[in-house]
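Below is one structure, written out as structure tokens, with a few remarks after it.
2 protein chains.
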Amino acid sequence: MATDMPQKDIETIVKDQDLIGRRHLQICDAALKLFSRKGFHRTTVREIAEACGLGIGTLYSYIKTKEDILHLVYRRILESFEARMLEATRGIQDPRLQLKAALEETLKIYDECQDVVLLLYQESHALGRQGLQGLFEVDRTYVGFFREILDRGIRAGQFAVKEPHLLAVCILFLCAVWDLKRWNLQGYTLETVIESLTTLILNGISADPLVKLQPQ
Amino acid sequence: MATDMPQKDIETIVKDQDLIGRRHLQICDAALKLFSRKGFHRTTVREIAEACGLGIGTLYSYIKTKEDILHLVYRRILESFEARMLEATRGIQDPRLQLKAALEETLKIYDECQDVVLLLYQESHALGRQGLQGLFEVDRTYVGFFREILDRGIRAGQFAVKEPHLLAVCILFLCAVWDLKRWNLQGYTLETVIESLTTLILNGISADPLVKLQPQ
DNA sequence: GGAGGCCGATCGAGCGCTCAATCAGGTGCG
DNA sequence: CGCACCTGATTGAGCGCTCGATCGGCCTCC
């Protein structure tokens, strides 16, 4: 599962693989905080070095360019998202309930990590072509996950969807509204959003319109 | 209509208001192309000056900072979006049809102006607080427009929506999927997306589930 | 002649990145 | 054990450069 994404392995001066791993974690932690607060462009490499307790030169022993740091951060984030997602929906049989659970978990993740999601949407264009391809790949597996749920629901006759892939993309995208439009959603709670989106989507794709979730 | 948004009027050296207006248009046109192609940060003021046929010094007679240019561009874009939107839905009585028309027009705009929409989502954080407030204001009127349609539909008993504002935000946001996730939507046509989103949303909020649009 | 608009050479702050010097820990030898 | 040696990680001053912004002189038109 995405463990073998197109790695674009970062060139390092240092040889020790174990050390590289630890340092990369260190760098990610520091960079993530700074990027979230100030954005990628406004954060200097010096700041990152200072924040993770390394000299600039040392930092550059573990990366080749500033962009590499962004790449590290993204990779780490998306892997953790995907893991949580799989964990939260594993073993649910009913497609309707599984979709509901997937939506709920994604929104919870997005709620906890709003800084990160903003970073993903706003700064990803700072990556080069190769870096973007890597991101796309991960996103595709995430979307593919929603798509599988939709497909199962369609086969079971519960969902009426003509373009499952398109819809999967839309559903996942819609979750980001909570982060990208939060300034226009003040006053709403996470629970309200979960409920509203779930209702909208489940009703929107339901094959049997009489079985409405949360009819009220 | 948004003509009196919090203007954050740009300080200029030049006095002639008419000239300022023309020059600002000139600057917008040039900057928009460059920003779309290279993003805000990677575009230099020198390039903008050259592209709009002004000297750097002259350009700086019509703005105070580089950020001002972004602000000008955004203002112009959003005003034109709103105008098209109003034009396309004016006079439609049935809330269902009006919502459908609003969705369709928004998606068409977003299709034509994908560079611009990307710019809006990716670079808006380069604006200061004041600039952002201005954007938010315009976005709110745009959202408010969808909200009015929803409210009318609710009063008419056609829509079952608990949180109309939240839903309006979601609907408008969802349209951006066509631009922000286009790399994952290759192969789909604008028409397919319009149809799928319209179906999803109208079914998702319909009070009477038996009246499905495009049941097929 | 002077006010208003135009110009681009110039400034200097700030950036990503390098590299020669330094340090720490392991290894072999007497 | 102690010393010499070596490899590889660490350091930060500084290089080269870019960019936003300025400023003083120039042109044009009333």
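Top line first, the protein sequences correspond to chains A and B. Those letters in the first sequence? Residues 0 to 215, per numbering that gives the first Met the number 0, in order. Those letters in the second sequence? Residues 0 to 215, per numbering that gives the first Met the number 0, in order. Glycine included, C-beta positions come from ideal geometry on N, C-alpha and C. In this text the structure is predicted, and so the values were computed from the model without any measurement.
- prompt: Around the Cβ of Leu-201 of chain A, are there at least 16 other Cβ atoms within 10 angstroms (buried) or fewer (exposed)?
  reply: It counts as buried.
How many angstroms separate the CA atom of Leu-196 of chain A from the CA atom of Tyr-59 of chain A? One C-alpha to the other measures close to 44 angstroms.
- Task: Give the straight-line distance between the Cα atoms of Gly-38 of chain B and Ala-175 of chain B, rounded to the nearest whole angstrom.
- Result: In this structure, the alpha-carbon of Gly-38 of chain B lies about 18 angstroms from that of Ala-175 of chain B.
Given a cut-off of 8 angstroms on the beta-carbon distance, is the pair Leu-119 of chain A and Tyr-73 of chain A in contact? The Cβ-Cβ distance between Leu-119 of chain A and Tyr-73 of chain A falls below 8 angstroms.
Report the three-state DSSP secondary structure of Phe-158 of chain B (helix, strand or coil). Assignment of Phe-158 of chain B by DSSP, reduced to helix, strand and coil, places it in the strand class.
TODO: Establish whether the CB of Ala-1 of chain A and some CB of chain B are separated by less than 8 angstroms.
DONE: At Ala-1 of chain A the pLDDT is 36, less than 50, meaning the model places this residue with poor confidence; the figure from the coordinates comes in the next sentence. No, Ala-1 of chain A lies away from the interface with chain B (no Cβ there is under 8 angstroms from its Cβ).
Open item on the list: 8 angstroms is my cut-off, CB to CB: does Asp-67 of chain A come that close to chain B?
Closed with: For Asp-67 of chain A, the answer is no, since every Cβ of chain B falls outside 8 angstroms of its Cβ.
| query | Residues of chain A with a CB under 8 angstroms from the CB of Phe-216 of chain B: which are they? | reply | The structure shown does not extend to residue 216 of chain B, since chain B is modelled only from 0 through 215, so no value can be given for it.
Members of the segment 112 to 141 of chain A near chain B, C-beta cut-off 7 angstroms:
For chain B, the residues of the segment 112 to 141 of chain A that bring a beta carbon within less than 7 angstroms of one of its beta carbons are Tyr-120, Gln-121, His-124, Phe-135, Asp-138, Arg-139, in chain order.
Requested in this report: Can you have a look at Glu-122 of chain A and say buried or exposed, based on whether 16 or more other CB atoms are within 10 angstroms of its CB?
Outcome: Counting the other Cβ atoms within 10 Å of the Cβ of Glu-122 of chain A gives 16 or more, which makes it buried.
ask   = Along the segment 149 to 173 of chain A, what residues have a CB closer than 7 angstroms to any CB found in chain B?
value = Answer in chain order: Lys-161, Glu-162, Leu-165, Leu-166, Val-168, Cys-169, Phe-172, Leu-173.
Leu-116 of chain A: which of A:Leu-199, A:Ala-125, A:Leu-77, A:Asn-183 sits nearest, CA to CA? Reading off the sequence shown, one finds Val at residue 116 of chain A, where the question assumed Leu. Ranked by how close their Cα comes to the Cα of Val-116 of chain A, the residues A:Leu-199, A:Ala-125, A:Leu-77, A:Asn-183 have A:Leu-77 in first place.
Can you give me the Cβ contacts of Ile-47 of chain A inside the same chain, cut-off strictly under 8 angstroms, excluding the 5 residues immediately before and after it?
Apart from sequence neighbours up to five positions away, the residues of its chain that approach Ile-47 of chain A with a beta-carbon distance below 8 angstroms are Ile-26, Ala-29, Ala-30, Leu-33, Leu-58, Ile-68, ordered along the chain.
Assuming Gly-130 of chain A and His-70 of chain A form a contact by the criterion Cβ under 8 angstroms, report the distance between their Cβ atoms to the nearest whole angstrom. With a Cβ gap of about 5 angstroms, Gly-130 of chain A and His-70 of chain A count as contacting.
| Buried or exposed: Gly-56 of chain B, going by 16 or more other Cβ atoms within 10 Å of its Cβ? | Its Cβ having fewer than 16 others within 10 Å, Gly-56 of chain B is exposed.
- prompt: Does the separation of the CB atoms of Leu-149 of chain A and Ala-167 of chain A fall below 8 angstroms?
  reply: Ala-167 of chain A sits close to Leu-149 of chain A, with the two beta carbons spaced by under 8 angstroms.
Looking at the strands, I want to know which residues DSSP matches up with Ser-205 of chain B. DSSP output for Ser-205 of chain B lists B:Phe-158 as bridge partner(s).
For this session: Identify which residue in A:Ala-206, A:Tyr-141, A:Ser-79 has its Cα closest to the Cα of Arg-154 of chain A.
Result: Nearest C-alpha to Arg-154 of chain A: A:Ala-206.
- Cβ separation of Leu-66 of chain B and Ala-159 of chain B, assumed to be a contact under 8 angstroms, to the nearest whole Å: Position check: residue 66 of chain B holds Glu in this sequence, whereas Leu was assumed. The beta carbons of Glu-66 of chain B and Ala-159 of chain B sit about 44 angstroms from each other, so the pair does not count as a contact at 8 angstroms.
*Which whole-angstrom value is the C-beta distance of Ile-9 of chain A and Lys-63 of chain A, which I expect to be below 8 angstroms?*
Contact between Ile-9 of chain A and Lys-63 of chain A holds: their C-beta atoms lie close to 6 angstroms from each other, under 8 angstroms.
| said: Assuming the contact rule is C-beta atoms closer than 8 angstroms, Phe-135 of chain B and Ile-108 of chain B should be a hit. Round their C-beta distance to whole Å, please. | reply: That pair is no contact at about 19 angstroms.
> Using CA coordinates, which residue listed in B:Arg-22, B:Ala-87, B:Asp-114 is at the minimum distance from Thr-105 of chain B?
Replying inline: The shortest C-alpha separation from Thr-105 of chain B is found at B:Ala-87.
**Message:** Suppose contacts are defined by Cβ-Cβ distances below 8 angstroms. Is Thr-191 of chain B in contact with Glu-162 of chain A by that definition?
**Reply:** In contact: Thr-191 of chain B and Glu-162 of chain A (Cβ atoms closer than 8 angstroms).
**Prompt:** When you compare only the Cα positions, how much space is there between Arg-89 of chain A and Trp-182 of chain B?
**Reply:** Whole-angstrom Cα-Cα distance: 28 angstroms.
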